[in-house]
Each structure stands twice: as structure tokens, then as C-alpha cells.
Amino acid sequence: MANESFEKFRVNLSIKSKNGLDFTLSAGIVWILIAFVWTLNWKSYDKSVITFMVGVLLIPLALLFSKLFKTTWTDTANPLQPLGLWLNFAQLFYFPFLIFSLIKLPDYFVMVYAIITGGHLFPYAWFYKTNLYAVFAGILTVGAMLCGLL
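Each residue of the sequence shown is one higher than the one before, counting from 16 in my numbering.
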């Protein structure tokens, strides 16, 4: 694939998906709900399980926002399109850390979850050609760690 074509495909994905706006807004709502869950006077283990349940809302909300903002999730004509899904799947390989914290250190579960979620944003800076994803990946991961140390 020629470099010009490659860049054209990347720009096309960025435009059609509006830089992942539907997922970003969906995640923002989910994290507001998760923050609320962690203000409750419940055991950390219970809040961790509820956090998992709240996280399930991400895809349906993103689908709703996709309809509202008319974003495209799949473009079969674009050979780079599957890469976005693969970049997202990469975070699943960090879930053993999350399960470990759920079982052994539930007080730190939300921190680990935030670090995994924030860190997975980093490659999207390249994918969507916007450095904001890299900046927010750094802010979220370091911020979550600092909150966990408090």
C-alpha cells in the first residue's frame, strides 16, 4: 500500500468515525456512573462488581451516540478499519490484573480499571491522527495511580 493511500485510509477512518466521539462520550458517561458507585458506602468488592456491570453500558451508549452523530463503525472498503477493533481488544489482555485486584485488592480495583482504560487510548493518537488521545492516556493513567496512592 502506497504511503499516500495509507494516509488517505487513516484520514478517512478519522472523519467517518469522528475520531471515536461516540465511544468517548459513552465512556465519559460510564465513568461518571462509576465515580458515583465509588462514593457509596459499600464494600470495595461490591463496588468493583457494580463497576463491571456499569461498564456494560459502554457499547449500547456508543451505538446510540453513533446514530445521533452519524458515525461509521465499519467501513469494509477501508483495509485499516479492523485495526481499531484490534487496538480495543488489546486491553482485554490486561484483565487478569483487574481480576487479581478484584479478588485480592478490591480497594484498588477502580484504579486498575482506570489505568487499563486510560492506557488503551494511547494508540488511538496514531490511529486517528490526534495527539489528544496520547495526552489523555497519560493524564488518566498517571492520575489514576496518584489517586490510588492517596
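For glycine and all other residues, C-beta sits at the position ideal for the given N, C-alpha and C.
Whether residue i touches residue j by CB criterion (7 Å)
i, j, result
"Phe142", "Ala152", "no"
"Ser116", "Leu73", "no"
"Ile44", "Leu78", "no"
"Leu48", "Val69", "yes"
Spatial neighbours of residue i in its chain, beta-carbon cut-off 7 Å, leaving aside the 5 residues before and after
i, result
"Leu95", "Phe24, Arg25 and Leu28"
"Thr87", "Lys31 and Ser32"
"Ile65", "Val52"
"Ser20", "none"
8 Å CB neighbourhood of residue i in its chain, flanking five on each side removed
i, result
"Lys144", "Arg25, Val26 and Ser29"
"Leu165", "none"
For residue j and residue i, believed in contact at Cβ under 8 Å, the rounded distance
i, j, result
"Phe84", "Asp37", "6 Å"
"Ala129", "Ala92", "Their Cβ separation, rounded to whole angstroms, is 36 Å, which puts Ala129 and Ala92 out of contact at 8 Å."
"Ser63", "Phe124", "4 Å"
Cβ-based burial, residue i [other Cβ within 10 Å; buried from 16]
i, result
"Trp46", "buried"
"Met126", "buried"
"Thr132", "buried"
"Lys168", "There is simply no residue 168 to check, as the chain begins at 16 and stops at 165 in what is shown."
"Lys58", "exposed"
"Thr89", "exposed"
"Asn34", "buried"
First through last residue of the alpha helix (DSSP H) which encompasses residue i
i, result
"Asp61", "Ser59 to Gly70"
"Gly153", "Leu147 to Leu164"
"Lys119", "Phe110 to Lys119"
"Cys18", "Note that residue 18 corresponds to Asn in the displayed sequence, not to Cys. It spans Asn18 to Lys31 - the alpha helix (DSSP H) in which Asn18 sits, taken as one unbroken run."
"Gln96", "Gln96 to Phe104"
6 Å CB neighbourhood of residue i in its chain, flanking five on each side removed
i, result
"Ala140", "Asn146, Tyr148 and Ala149"
"His135", "Gln106"
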